[in-house]
Structures are given as C-alpha cells and as structure tokens.
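A.B. asks: To start, I am sharing the structure in question, which I have written as structure tokens.
There are 2 protein chains.
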Amino acid sequence: MENQGQGLHARVLDTLGPAITAGEYAAGTVLRTDELAERFDVSRTVIREAVRVLESMRLVTSRRRVGVTVLPAEEWNVYDPQVIRWRLAGADRPRQLRSLTVLRSAIEPVAAGLAARLATPAQCAELTEHALGMVATSRGQQLARYLVHDIAFHRTILRASGNEMFARLGDVVAEVLTGRTEHDLMFTDPDPAAVTLHVRVAEAVRVRDSVRAEALVREITVGAMAELDVLAP
Amino acid sequence: MENQGQGLHARVLDTLGPAITAGEYAAGTVLRTDELAERFDVSRTVIREAVRVLESMRLVTSRRRVGVTVLPAEEWNVYDPQVIRWRLAGADRPRQLRSLTVLRSAIEPVAAGLAARLATPAQCAELTEHALGMVATSRGQQLARYLVHDIAFHRTILRASGNEMFARLGDVVAEVLTGRTEHDLMFTDPDPAAVTLHVRVAEAVRVRDSVRAEALVREITVGAMAELDVLAP
DNA sequence: CAAGCCCATTGATACGACGTATTCAAGACC
DNA sequence: GGTCTTGAATACGTCGTATCAATGGGCTTG
Numbered sequence: 001m002e003n004q005g006q007g008l009h010a011r012v013l014d015t016l017g018p019a020i021t022a023g024e025y026a027a028g029t030v031l032r033t034d035e036l037a038e039r040f041d042v043s044r045t046v047i048r049e050a051v052r053v054l055e056s057m058r059l060v061t062s063r064r065r066v067g068v069t070v071l072p073a074e075e076w077n078v079y080d081p082q083v084i085r086w087r088l089a090g091a092d093r094p095r096q097l098r099s100l101t102v103l104r105s106a107i108e109p110v111a112a113g114l115a116a117r118l119a120t121p122a123q124c125a126e127l128t129e130h131a132l133g134m135v136a137t138s139r140g141q142q143l144a145r146y147l148v149h150d151i152a153f154h155r156t157i158l159r160a161s162g163n164e165m166f167a168r169l170g171d172v173v174a175e176v177l178t179g180r181t182e183h184d185l186m187f188t189d190p191d192p193a194a195v196t197l198h199v200r201v202a203e204a205v206r207v208r209d210s211v212r213a214e215a216l217v218r219e220i221t222v223g224a225m226a227e228l229d230v231l232a233p
Numbered sequence: 001m002e003n004q005g006q007g008l009h010a011r012v013l014d015t016l017g018p019a020i021t022a023g024e025y026a027a028g029t030v031l032r033t034d035e036l037a038e039r040f041d042v043s044r045t046v047i048r049e050a051v052r053v054l055e056s057m058r059l060v061t062s063r064r065r066v067g068v069t070v071l072p073a074e075e076w077n078v079y080d081p082q083v084i085r086w087r088l089a090g091a092d093r094p095r096q097l098r099s100l101t102v103l104r105s106a107i108e109p110v111a112a113g114l115a116a117r118l119a120t121p122a123q124c125a126e127l128t129e130h131a132l133g134m135v136a137t138s139r140g141q142q143l144a145r146y147l148v149h150d151i152a153f154h155r156t157i158l159r160a161s162g163n164e165m166f167a168r169l170g171d172v173v174a175e176v177l178t179g180r181t182e183h184d185l186m187f188t189d190p191d192p193a194a195v196t197l198h199v200r201v202a203e204a205v206r207v208r209d210s211v212r213a214e215a216l217v218r219e220i221t222v223g224a225m226a227e228l229d230v231l232a233p
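Shown next as structure tokens:
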C-alpha cells in the first residue's frame, strides 16, 4: 500500500479497511478491541482511534457490551476517497469501476455544460493544452503520458464547472482512468475518436457552446461505458 | 443538535465539526490537543479520537510538533454525510443547497433512466404509491406528509437504478428536500406541475420507457433549480 | 412459564508517562 | 557573510492501567 509510516493507527486502518471493504468480514461480524490490539501488537488506544475512523466511514459500528460490528455494504460511505481506493484495490474492483463509470456518465456532461458557461480564459487554455497533449501522445505506446493529459483534462472540466461537489470528483475520475489504463488496455493506443472528442470539447467550452460541450462529453462517457462492457463482462 | 449522549467524543465532534465547516477557523489555524482537552473538559484521548475522525473527513491534518491544522475548504470530503449535515446547518447553507441541487440535476435523471430498465415490480409499485401519495397530500397544508412521499419517491428511484453510488445519495436528496420545505416554502402548497411530473415518471418507469423517465426527471430537477433561483438569490 | 432482577462482559473515558518526529535557532565551518 | 550542522524545545504519538457505564444473558422468583 502507500500509507505505512504515518503512525501505527494508519497501519491498522490500511489493514482493516481493505479487509472489510473486500468483504472478508461478513456483515454482522463482531471484532473486539482487545483481540485487535493483540493481533496488531498495538495498544487499545490505537485500535480505538482506527475504529473511530472506520465508524465515521460507516464500515463498522461500535456498541458497548457488543463489540465492533461490521456493517452491511449498503451502509458504507462509498464516496469516501479512502473507501473508494480500498475497494478499487480489492476484489470487487470490476463492479466498483462500473459504478464509478456510470457516476461519471451522469456528472461529467453536466459539468462540461456548466464549464462552457463559467470557465475562465486560463481554464480554457488549460483544456486546449491538455487536449492537444492527448493528440500528441495518442500514438506509439505513450500511454503513461497520455493518461496524465487525460486526467488533467477531466479534472479541469470538473473544476471549471464551478460546483465544488463536481470538483471533488476529480480524484475519482483520475482513479478510474488510471485503473482502466493499468488493467485493460495497457498495450492498445487510445481510441482516435475519443481523442478527437476531447479536442472538440475544449473548443466548445472556449466558444461557450454549453449544449455542444455537454453532448460531446456525453459521447465520451458513453464510449467509456461501451469500452468497459467490451473489456469486462 | 441531534447527537448528544453517544459518548464524549461525539460531543466534541458536534462542536468542532460545525465550527470548522462554518469557517469559524480560517484555513491554517492550528489547534492544540491539550488546549482542546481543557476547553471541552475531557481527556486528551477523547480529543484525539475526534481529531482522527475530522482528519478522515479531511477537515484537519495532525502533524507532530505543529498541532492540528485546519485545512482549506477545497480539501474537505464534501460527500461525507456528516459534513453535508454540518454545512447545511451552518452559515453557507444557501450555497450548499445550490451545490447539492446541481448535483441532483446531474444524477437523478440518469438514475431514472436506469431505474426504468432495472426496477423490480415491487419498486414500480412503490413509485406509483408514493406518486399518488404526493397527489393526495399536495393541497391544503399537508406539506409534512407530502414531504415523506416526495423523499420516498426519489429514494426509490435512486435505489432502483441499481447503482450503489446513486443509491447512497438518497440521504442527500432527503436532506435537500427537507431543507427546502423547512426554509423556503413552508406555507406554499407544492407546484401542481411538479406533482404531475412525478406521477408520469412512475408510469414511465413502469412501462420501461427509459428515455421518457430520464426526460421527466430532468424536468423535475430543472424546476427545482428554478425554484431555488427564485427563492434564494 | 414468564417477568424482572443481578452480574459478567466489553467498550468508554481518564490519566500519567515516555517516545519521537519536527521545527527553529544557535553556532561552527567554509 | 552565508550555509550547513546540530541540539534543544515542543506537541503529537503510543502505551498501560484503572475505573465507569451500559447491555445482554442468565438466574431467580412469583
């Protein structure tokens, strides 16, 4: 994982979090703090801090006399970036990717429509720059550099929408795009049609064509979902 | 507030959380655990548990030799239900309501489109039931009962979409609808056009007309946004 | 057999001590 | 004079123990 030396409590979280979100503990399973303290060779204080965080993510509840109870998946705070990362690293990664892609398909077109009305000149320039960067890196095994531009492009759209809820999904989109590149089509050059769409989106935003920007991004997300359907049954 | 007797740590959270999200502490402000322990008249252990939760919400970071630093608003986990509740109860409630309504306008139509393809017969029945309930309570100062049906209707749509990310927004929508009723139009009967739209959505889902369901819900959310523009400048 | 009381269990809180990373500044060296 | 090193102060991090409180199950009793 990534977090290791940030304190003992982080280490406990990085073990329990993925385990719970991976479904290793069935809903209703009770964990006792003493037992956890012994298992991780830390004090109960550390365990309690970790449990409090898991509780705030609604992965568990802590009740007196009962113990720390694992909650069913419907209760989880699935928008918590930490939870998203844990689940993407775990077993039901495919379902998670699918859920997030559907979410993208709902959010990003609307965000693009808003961005076309609200983007600053600097943000328009940024969009164009990254769209052109995608074009430049779209051929000949430069997927890593392509990905950087792709992520930056979508991040800019979301930020330019002027809506903080949209803006905060930038990390999620980055995670989805990264995951797609890493797993599914590492050796395939990106779809040229998608690249072209990005360029046209940048242009639509620049000329403040809200409906066209929205429609174009909708095409992009539809393509992304179709791609997912082909690659992951 | 609501949480009081759930432990001392909850009391600390219910004071610090709203204070931070309300902007009472500028980003960069440092709080010391000893100072907080004295202020709340609890032990440092309790403070540390609360701080850990605030840290997982990205409201603060805790660094050695520095203290507990308040993070800028862009870092906050704005999808955390707790954070949403705190902000809705605080000063920038109007902006928060606007952000969430925009979010709804992106999510719900797509969710309705999916629901039309995936809803179970039971869910279809539920939709119809609540739509009719809205009709029955739409006149004559029955806003409280109307609200119950309205919330249940949108919750069902989100759940029937089959997407867990959508389903988890049910609480947010409930909060928005409740807030709107409580603050803005407590004494005005609901817009009859909106009521009719809900009935038609239920029907569209029942006959599996995906595009019509999506379009109708889009009309509903557009109406909600227009209403917000009129009532809260 | 049922209803209510008692107690063991387990988390919740507190407190004091020590560990440790981090920062800031003083001082030495180039 | 400027830069690097080093050390001390500081505030969070961790730990162990003690005590409190709530809860669920078992026991008692009518």
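Sequence lines, in order, name chains A and B.
Here the first sequence is numbered in my numbering, starting from 1 and rising by one per residue.
Here the second sequence is numbered in my numbering, starting from 1 and rising by one per residue.
All C-beta atoms in this analysis are idealised placements derived from N, C-alpha and C, irrespective of residue type, glycine included.
1. Pick from B:202, B:123, B:88: whose alpha carbon is nearest that of residue 19 of chain B?
2. Return the chain-ordered ranges of every beta strand (DSSP E) run that is complete within the stretch 8 to 90 of chain B and spans a minimum of 3 residues.
3. Would you please verify whether the beta carbon of residue 229 of chain A is less than 8 Å from any beta carbon of chain B?
4. So that I know if they touch, is there some Cβ in chain B lying closer than 8 Å to that of residue 112 of chain A?
5. From the DSSP output, in three-state form, read off residue 121 of chain A for me.
6. For the pair the stretch 168 to 183 of chain A and the stretch 98 to 113 of chain B, tell me if three or more CB-CB distances fall below 8 Å.
7. Run through chain A and tell me which residues come within less than 9 Å of residue 130 of chain B, C-beta to C-beta.
8. Compare the C-alpha of residue 117 of chain B against each of B:16, B:9, B:222, B:213 and name the closest.
9. Let me see if you follow: with CB-CB separation under 8 Å, is residue 37 of chain A close to chain B or not?
10. Return helix, strand or coil for residue 196 of chain A, following the three-state DSSP convention.
11. For a contact meaning CB atoms closer than 7 Å, what does residue 49 of chain A contact in chain B?
12. Counting only beta-carbon separations shorter than 8 Å, does residue 81 of chain A have a partner in chain B?
13. Check for me: the alpha helix (DSSP H) holding residue 179 of chain B runs from which residue to which?
14. Starting from the C-beta of residue 226 of chain A, find all residues in its chain whose C-beta is less than 7 Å away, skip the five residues before and the five after it, and write them out in chain order.
15. Since residue 68 of chain B meets chain A, which of its residues come closer than 7 Å, beta carbon to beta carbon?
16. Of all the alpha helix (DSSP H) runs that stay within the bounds of the stretch 128 to 164 of chain A, which reach a length of 4 or more residues?
17. Look at residue 106 of chain B and residue 119 of chain A and say whether their C-beta atoms are less than 8 Å apart.
18. Establish whether the CB of residue 2 of chain A and some CB of chain B are separated by less than 8 Å.
19. Whole angstroms are fine: how far does the CA of residue 143 of chain A sit from the CA of residue 181 of chain A?
20. Between residue 146 of chain B and residue 9 of chain B, what straight-line distance do the alpha-carbon atoms span, to the nearest angstrom?
21. Can you list the residues of chain A that residue 107 of chain B reaches, using a CB-CB cut of under 7 Å?
22. Establish whether the CB of residue 103 of chain A and some CB of chain B are separated by less than 8 Å.
23. Please return the same chain residues whose Cβ sits closer than 7 Å to the Cβ of residue 58 of chain A, not counting the five positions on each side in sequence.
24. Determine, using beta carbons only, whether residue 168 of chain B comes closer than 8 Å to chain A.
25. Just by C-beta distance, which residues in the stretch 8 to 21 of chain A are closer than 8 Å to chain B?
26. What is the DSSP secondary structure of residue 190 of chain A, reduced to helix, strand or coil?
27. Report buried or exposed for residue 43 of chain A, applying the criterion of at least 16 other Cβ atoms within 10 angstroms of its Cβ.
28. So is residue 214 of chain A in contact with chain B if we call contact Cβ pairs under 8 Å?
29. Comparing C-alpha positions only, which one of A:115, A:82, A:216, A:202 sits nearest to residue 15 of chain A?
30. When the Cα of residue 92 of chain A is compared with those of A:33, A:132, A:193, A:23, which residue comes out closest?
31. Given a cut-off of 8 Å, decide if residue 84 of chain B and residue 203 of chain B are closer than it, judged by their beta-carbon atoms.
32. Please report whether the beta-carbon of residue 99 of chain B lies at a distance below 8 Å from any beta-carbon of chain A.
33. Does the beta carbon of residue 78 of chain A come closer than 8 Å to any beta carbon on chain B?
34. If distances are taken between C-alpha atoms only, which option among A:179, A:80, A:209, A:173 comes closest to residue 221 of chain A?
35. Please list the partners that residue 56 of chain A has in chain B, where partner means a Cβ-to-Cβ separation under 8 Å.
C.D. replies: In this structure, then:
1. Here residue 19 of chain B refers to the residue found at position 19 of the second sequence. Taking only the C-alpha atoms, the option nearest residue 19 of chain B is B:88.
2. Within the stretch 8 to 90 of chain B, the complete beta strand (DSSP E) runs of at least 3 residues are 60 to 63, 67 to 70.
3. As a working mapping, residue 229 of chain A is identified with position 229 in the first sequence. Not an interface residue.
4. In the first sequence, the residue the question calls residue 112 of chain A occupies position 112. Output row for residue 112 of chain A: interface = no.
5. Sequence index remark: in the first sequence, residue 121 of chain A carries index 121 (1-based). For residue 121 of chain A, the three-state secondary structure derived from DSSP is helix.
6. At 8 Å Cβ cutoff, the stretches do not touch.
7. In the second sequence, counting from the first residue as 1, residue 130 of chain B sits at position 130. Chain A residues near residue 130 of chain B: none, gap ~20 Å exceeds 9 Å.
8. Numbered from its first residue, the second sequence carries residue 117 of chain B at position 117. Check the Cα spacing between residue 117 of chain B and each of B:16, B:9, B:222, B:213: the tightest is with B:213.
9. Residue numbering aside, residue 37 of chain A sits at position 37 when the first sequence is read from its first letter. Contacts with chain B at 8 Å (Cβ-Cβ) do not include residue 37 of chain A.
10. Residue numbering aside, residue 196 of chain A sits at position 196 when the first sequence is read from its first letter. In this structure, residue 196 of chain A counts as helix in the three-state DSSP scheme.
11. For the purposes of this step, residue 49 of chain A is taken as the residue at position 49 of the first sequence. Within chain B, the residues near residue 49 of chain A are 48, 49, 52.
12. The residue given as residue 81 of chain A occupies position 81 in the first sequence. Answer yes: the Cβ-Cβ gap between residue 81 of chain A and chain B drops below 8 Å somewhere.
13. Sequence index remark: in the second sequence, residue 179 of chain B carries index 179 (1-based). In the DSSP assignment, residue 179 of chain B falls within the unbroken alpha helix (DSSP H) covering 170 to 183.
14. Numbered from its first residue, the first sequence carries residue 226 of chain A at position 226. There are no such residues.
15. Locating residue 68 of chain B in the second sequence gives position 68, counting from the first residue. The premise fails here: residue 68 of chain B is roughly 14 Å from chain A at the closest Cβ pair, so nothing lies under 7 Å.
16. With a minimum length of 4 residues, the continuous alpha helix (DSSP H) runs that stay inside the stretch 128 to 164 of chain A are 143 to 160.
17. By 1-based counting over the second sequence, the position of residue 106 of chain B is 106. By 1-based counting over the first sequence, the position of residue 119 of chain A is 119. Not in contact: residue 106 of chain B and residue 119 of chain A (Cβ atoms no closer than 8 Å).
18. For the purposes of this step, residue 2 of chain A is identified with residue 2 of the first sequence, where counting begins at 1. Since pLDDT at residue 2 of chain A reaches only 43, below the 50 mark, its modelled position is unreliable, and the value read off the structure follows with that caveat. Not an interface residue.
19. By one-based count along the first sequence, residue 181 of chain A stands at place 181. By one-based count along the first sequence, residue 143 of chain A stands at place 143. Approximately 8 Å between the Cα atoms of the pair.
20. As a first step, residue 146 of chain B is located in the second sequence; it is residue number 146 there, counting from the start. As a first step, residue 9 of chain B is located in the second sequence; it is residue number 9 there, counting from the start. Cα to Cα, the separation comes out at about 36 Å.
21. Within the second sequence, numbered from 1, the residue matching residue 107 of chain B stands at position 107. In chain order: 106.
22. For the purposes of this step, residue 103 of chain A is taken as the residue at position 103 of the first sequence. Taking Cβ atoms only, chain B reaches closer than 8 Å to residue 103 of chain A, which makes this a yes.
23. Within the first sequence, numbered from 1, the residue matching residue 58 of chain A stands at position 58. Counting only Cβ-Cβ distances below 7 Å, and skipping sequence neighbours, we find 71, 75, 76, 77.
24. Translated into the one-based positions of the second sequence, residue 168 of chain B becomes position 168. By this cut-off, residue 168 of chain B is an interface position.
25. 9
26. As a working note, residue 190 of chain A is residue 190 in the first sequence. Three-state DSSP puts residue 190 of chain A in coil, outside helix and strand.
27. As a first step, residue 43 of chain A must be located in the first sequence, where it is residue number 43. Exposed, because fewer than 16 other Cβ atoms sit within 10 Å of the Cβ of residue 43 of chain A.
28. As a working note, residue 214 of chain A is residue 214 in the first sequence. By this cut-off, residue 214 of chain A is not an interface position.
29. Against the first sequence, residue 15 of chain A aligns to sequence position 15. For the residues A:115, A:82, A:216, A:202, the minimum Cα distance to residue 15 of chain A belongs to A:82.
30. In the first sequence, counting from the first residue as 1, residue 92 of chain A sits at position 92. If you compare the alpha carbons of A:33, A:132, A:193, A:23 with that of residue 92 of chain A, the shortest gap goes to A:23.
31. Counted from its first residue, the second sequence places residue 203 of chain B at position 203. Counted from its first residue, the second sequence places residue 84 of chain B at position 84. Contact flag unset, no.
32. In the second sequence, counting from the first residue as 1, residue 99 of chain B sits at position 99. True, the Cβ-Cβ gap to chain A drops below 8 Å.
33. Within the first sequence, numbered from 1, the residue matching residue 78 of chain A stands at position 78. Chain B, which has a Cβ nearer than 8 Å to the Cβ of residue 78 of chain A, makes this yes.
34. Residue mapping note: residue 221 of chain A aligns to position 221 of the first sequence, counting from 1. Among A:179, A:80, A:209, A:173, the Cα nearest to that of residue 221 of chain A belongs to A:173.
35. Sequence index remark: in the first sequence, residue 56 of chain A carries index 56 (1-based). Within chain B, the residues near residue 56 of chain A are 53, 56, 57, 80, 82.
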